[in-house]
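Numbering (the working numbering), first residue to last: 886 to 1002.
Note that beta-carbon positions come from the ideal geometry of N, C-alpha and C, so glycine has one too.
Here the structure is a predicted model, which means the values were calculated and not measured.
Some notes on the structure that comes next.
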């Protein structure tokens, strides 16, 4: 993930709309993957492939896609969990406390991490 350019482009929509004119994606860590394609148009990044980072890059793009979707949908608050976050032993709060957490968050919060340190 992502397999198609339009999905990656949507995930990076806000970044693309707000980037400085002289900013090069090829120089941005992790996002450089977007600018790395082979002759068939498939996403390729030698650094990522050598270090087996494809899963982590896919996870980043999936999160960015969800952030963009939440933003475009006008959601004030959004919960985003890793696929392994369903294990209560990894969380600092039970799921039942999430609404209370958001209700008591600072007004200007962007992200709240709920994993155990």
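Proximity test, Cβ basis, 8 Å: residue i and chain D
i	result
residue 940	Reference to chain D is not applicable here, since this structure consists of a single protein chain.
Range of the contiguous alpha helix (DSSP H) that encloses residue i
i	result
residue 898	898 to 903
residue 941	939 to 957
residue 932	931 to 935
residue 920	917 to 920
residue 836	The structure shown does not extend to residue 836, since the chain is modelled only from 886 to 1002, so the question has no answer here.
Which listed residue (the options) has its alpha carbon closest to that of residue i
i	options	result
residue 995	955, 975, 934	955
residue 922	961, 889, 904	889
residue 899	942, 935, 950	950
residue 992	934, 961, 967, 932	961
residue 912	932, 939, 979	932
residue 893	942, 908, 938	942
residue 895	930, 957, 980	957
Spatial distance of residue i from residue j (CA atoms)
i	j	result
residue 982	residue 924	49 Å
residue 972	residue 998	15 Å
residue 902	residue 989	32 Å
residue 897	residue 977	30 Å
Bridge-paired residues (DSSP) for residue i
i	result
residue 976	1000
- How about the stretch 912 to 924 and the stretch 933 to 949: do they share at least three Cβ pairs that are nearer than 8 Å? Yes, they touch.
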